[in-house]
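Asks: Residue numbers are given in our numbering: position 377 of the sequence shown equals residue 370, and the series is strictly consecutive.
Sending over a structure as structure tokens; questions will come in a sec.
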Amino acid sequence: MNIMNSADGRLSCRNRLGTMRYSDQDSGTSPHLAQDFMKTSQTQLNGVLRTGLWSLLVFLIVSCPSPVAAEEPVPSLTDTVFGPDKLWTIHLQITPENWQAMLPTRGLRFFGAPQFGEDKGPASPSEESRAEESREPAERRGGFKFDFRYVRAAVELNDESFAEVGVRFKGNSSYGMVGNSPKRPFKIDFDRYVSGQDFRGLKMLNLTNNAFEPTQLRESLAFATFRAAGLPAARTAFADVSLTVPGKFDHQFIGLYTLVEQVDKGFLRRHFGNAKGLLLKPEGIQGLPYLGSEWQPYEEFYRPKTEANEAQKQRLIELTRLISFANDDEFAAQIDTILNLDNFTRYIAVCSAIVNLDSFVGIGHNYYLYLDPADNRWVFLPWDLNGTFGALGLAGPVDRQIEWAADSPATGYNRLVDRVLAIPAWRDAYRARLREILEKASRPEILEPLILQLEKTAREVLDREAKLPPPELPAMWRMLMAMGEKPPSPIDFITRRANALKSQLDENRQGKPLTMSLGGPVQRDALSRQIAKPLFRVVDRDQDKKLSAAEITAALEALHSRATSDNSSRLSEASLAGEIVRIFPRSGGLFARLGPPPRPQPQGFGAGMLLAGYTRYLANAQQQELPSADWPQLAASLLQRFDTNQDQVLSPEEVTAALNWLPPPPLAFDPTQDDRKPGQAPKPDSD
């Protein structure tokens, strides 16, 4: 869908990938006026905010006519691959040995990772698979820690044949929920073994199996909505897929797939003009947390997909430090200079409109971050959208998803969303984007023709797939599916959601906040209470269920003494976090109740970095080391800020409030992994 640019008098704005450009020779206005206006003291701004300032900011951000759609990329051969009327016939051919080597050798077994009959993955990798593993060691682990390996295969797409491509499985729940069915999600890499090989200009394609989505339309529909809303988003088509594995499958039809464009250098060049920026695909973290001044933990959790230079590394660290530790004035003045807030507010507005909770605003994955070299600001790119429009059972009852509050477009605790929407100008901008999207991108009258076309394209293949025997699912997945309800049709959900949002925006009707369960973010308060209990057992020396300044100081001094091994007077974040983890070995494992007791937690996870983060905040967010002389001051600062009844001690409720206030730790944890050393985080996946 194309939305034409518009202008109003001499003030004009041009939207490129959600970036607003302003020009006015007389006024000299800029989208970063906030940076100049917000350099007022914190004491002054903590009073009544100047109405005129916010009115001006709202005018600049919202009232300038802004198109919904991004500029159209230049047409190319890749355009012939995608579209709502495109249906490809794909035949994958894999040797039995390579099929066996593809099966993951590890994963969250308590979630019932599929066993596929006798195929449980190679007990010891073949020489070929060892070579592949050494080429990219342990690089495939996503949220469920499945370890996927590429193998050689042949593929036919309509009448175009490729004798040698790379193929592997992909996904988290979409892989885990297939049971013994061969309909698993695949990734095809044309360039992996034959340099320069591509399919109509594409180096890689994704075959998404549309798990837990009965209509199999939502992935295509959601990506189309993001594109219509002016965001760079993957293109899609459908595929009729068959599989040959000699001795197992003989040109066997396995079902309808959604063919999804890969976010890679070709995608970046198409949308941004070049691929020189840094591309990230974070996994297992919430709200873009600060992980210290060293690059290694960022590489492990933020998972760069392109090589990062030093300036790009520092740009990410700068962003996370700002989100986690800047005061409100600094944050409001600087955030739009490093994160493209027009792009970000559009992204969260679309997530709200289509209820995209398997994403940054919900579970905390399935998105990309790209540092646009044009203005050195980060932008969000959507990914993996089959759980949209009410299809994600973990998000709760469909009726509650439909009533999800427009003004709370994230579940649980998301520090970036909360802080951006706490800025009145950008809260109003977000609401304006949401209205615009409801009118021009996700309105039922606009999406219904697209749905009808998608249904027409997929109908015959869907009918054949319906005749296949149902898969045998592991017990855990059967339980999860039994807990959920069948999602409504996409058009029914779209209509009801649009009506609910309009009533909230136009009639000030209150929506309902959403929380996630079993695999999604645990409620912030619940996590804080979980950590507060063992904290009291250790710090509350007189066991009166209250923490005094003396008890807090003594605990911090003891931590310093135990965690400083070189007799230094200064304590590093990492050593402090490690000592806290040893004190609270079971306090931070979000999945502990679902499996064996947690192993040592990765750096940045759980109680260790959560509590260490507070000392860092109060000491100096710019320093990697923490002076021991600050401990009494930190204790006093805790009391001053969170002792709400001013009785000079902290109750469990006040400690919980303090923990709620902290930036969250990364939420990556694998209870089945028994060989990770303390301080190690899981290696990235490349979904």
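Glycine residues also receive a C-beta, built at the ideal position from the N, C-alpha and C atoms.
Note that the structure is a prediction, hence the values are computed from the model and not measured.
Hey, could you find the ends of the beta strand (DSSP E) VAL67 is sitting in?
Replies: Careful: VAL67 lies outside any beta strand (DSSP E) and carries neither H nor E.
Asks: Can you give, in chain order, each stretch of the beta strand (DSSP E) that sits fully within the region 171 to 237 and has at least 3 residues?
Replies: Entirely contained in the region 171 to 237, the beta strand (DSSP E) runs reaching 3 residues are, in chain order, 179 to 182 and 197 to 201.
Asks: Work out the CA separation of LEU96 and PRO290 for me, nearest whole Å.
Replies: Roughly 28 Å separates the two Cα atoms.
Asks: Taking the alpha carbon of ILE341 as the reference point, which residue from LEU364, ASN302 and ARG420 has its own alpha carbon closest?
Replies: Comparing Cα positions, the closest option is ARG420.
Asks: Could you check how far apart the C-beta atoms of TYR363 and LEU272 are, in whole angstroms? I think they sit under 8 Å.
Replies: Confirmed, Cβ separation roughly 5 Å.
Asks: Consult DSSP for GLU300 and reduce its assignment to one of helix, strand or coil.
Replies: DSSP places GLU300 in coil when its eight states are reduced to three.
Asks: Taking the CB atoms as reference points, tell me whether ALA301 and VAL348 lie closer together than 8 Å.
Replies: Cβ distance not < 8 Å, so ALA301 and VAL348 don't count as in contact.
Asks: Report the option in LEU461, VAL187, SER213 and LEU195 whose CA atom is closest to the CA atom of GLY248.
Replies: Among LEU461, VAL187, SER213 and LEU195, the Cα nearest to that of GLY248 is on LEU461.
Asks: Per DSSP, which one or two residues make a beta bridge with ILE83?
Replies: The partner list for ILE83 (beta bridge, DSSP) reads LEU150 and VAL234.
Asks: I'd like the list of long-range same chain contacts for LEU431, defined as Cβ closer than 7 Å, with 5 residues on each side in sequence excluded.
Replies: So the list reads ALA346, ALA491, LEU494 and LYS495, once near-sequence residues are dropped.
Asks: Got a sec? Which residues, its chain only, sit under 7 Å from ALA384 by beta carbon, not counting five neighbours each side?
Replies: The residues are PHE205, GLU206, ARG211 and PRO480.
Asks: Quick one: what's got a C-beta closer than 7 Å to PHE635's C-beta in the same chain, skipping five residues either side?
Replies: Same-chain partners within the cutoff: LEU643, GLU647, ALA650 and ALA651.
Asks: Apart from the five residues just before and just after LEU261, which ones in its own chain have a Cβ nearer than 6 Å to its Cβ?
Replies: Closer than 6 Å at Cβ, skipping near neighbours: ALA268.
Asks: For PRO254, report the span of its alpha helix (DSSP H) as first-last.
Replies: Correcting the residue identity first, residue 254 is Glu in this sequence and not Pro. Taken as a continuous stretch (DSSP letters only), GLU254 belongs to no alpha helix (DSSP H), being part of the beta strand (DSSP E) at 242 to 254.
Asks: Alpha carbon to alpha carbon, what distance is there between LEU549 and PHE529?
Replies: If I take the Cα positions, the gap works out to 13 Å.
Asks: List the residues that DSSP assigns as beta-bridge partners of ARG370.
Replies: Its beta-bridge partners are ASP365.
Asks: Short check: CB of PRO338 to CB of TYR406, under 8 Å?
Replies: Looking at the sequence shown, residue 338 is not Pro but Thr. Contact flag unset, no.
Asks: Would you check if the distance between the CB atom of PHE231 and the CB atom of LEU80 is smaller than 8 Å?
Replies: Closer than 8 Å, so yes.
Asks: Is ILE181 close to the ligand SAH? I mean its beta-carbon at under 7 Å from any heavy atom of the ligand.
Replies: The model on display carries no ligand, and the ligand SAH is accordingly not part of it.
Asks: Using only CA atoms, which one of ALA525, ASP322, GLN93 and ASN359 lies nearest to VAL413?
Replies: VAL413 has its Cα closest to that of ASP322, out of ALA525, ASP322, GLN93 and ASN359.
Asks: Which whole-angstrom value describes the C-beta separation of VAL74 and LEU224, a residue pair presumed to lie in contact below a C-beta threshold of 8 Å?
Replies: Not quite, the Cβ-Cβ distance comes to about 20 Å (not below 8 Å), so this is no contact.
Asks: Contact defined as beta carbons within less than 8 Å: I believe LYS180 pairs with ARG161. What is the distance between those atoms, to the nearest angstrom?
Replies: That belief holds up - the Cβ atoms of LYS180 and ARG161 are roughly 5 Å apart, short of 8 Å.
Asks: Are any of the Cβ atoms in chain B nearer than 8 Å to that of SER401?
Replies: The structure shown has no chain B; it contains just one protein chain.
Asks: Using a threshold of 8 Å, state whether the C-beta atoms of THR201 and VAL253 are closer than that.
Replies: Yes. Within cutoff.
Asks: Return the CA-CA distance between SER482 and ARG393, expressed in angstroms with no decimal places.
Replies: Distance between the alpha carbons of SER482 and ARG393 is about 16 Å.
Asks: Express the C-alpha separation of ALA319 and ALA227 in angstroms, rounding to a whole number.
Replies: C-alpha separation (whole angstroms): 34 Å.
Asks: GLY280 to PRO89, Cα distance in whole Å?
Replies: Those two C-alpha atoms are separated by around 42 Å.
Asks: Within 10 Å of its beta-carbon, does HIS358 have 16 or more other beta-carbons around it, so buried, or fewer, so exposed?
Replies: Buried, since its Cβ has 16 or more Cβ neighbours within 10 Å.
Asks: Between PRO402 and CYS344, is the Cβ-Cβ spacing less than 8 Å?
Replies: Cβ atoms of PRO402 and CYS344: closer than 8 Å.
Asks: Which whole-angstrom value describes the C-beta separation of LEU498 and LEU427, a residue pair presumed to lie in contact below a C-beta threshold of 8 Å?
Replies: At roughly 7 Å, the Cβ-Cβ gap stays under 8 Å, so LEU498 and LEU427 are in contact.
Asks: For THR82, which option in VAL531, ASP351 and HIS244 has the closest C-alpha, if you only look at C-alpha atoms?
Replies: The shortest C-alpha separation from THR82 is found at HIS244.
Asks: Which two residues bound the contiguous alpha helix (DSSP H) that contains ARG420?
Replies: First-last of the alpha helix (DSSP H) with ARG420: 417 to 433.
Asks: Looking at the structure shown, is TRP397 part of a helix, part of a strand, or coil, going by DSSP?
Replies: If DSSP states are grouped into helix, strand and coil, TRP397 belongs with the strands.
Asks: For MET476, which residues of its own chain have a beta-carbon under 6 Å away from its beta-carbon, when the five flanking residues on both sides are left out?
Replies: Low local confidence applies: a pLDDT of 49 at MET476 is under 50, so the model's placement there is unreliable, with the coordinate-based value given in what follows. Cβ within range, chain order: n/a, list empty.
Asks: Buried or exposed: where does GLY277 fall if 16 or more other Cβ atoms within 10 Å of its Cβ makes it buried?
Replies: GLY277 comes out buried.
Asks: Indicate the three-state DSSP secondary structure (helix, strand or coil) for LEU447 in the structure shown.
Replies: DSSP places LEU447 in helix when its eight states are reduced to three.
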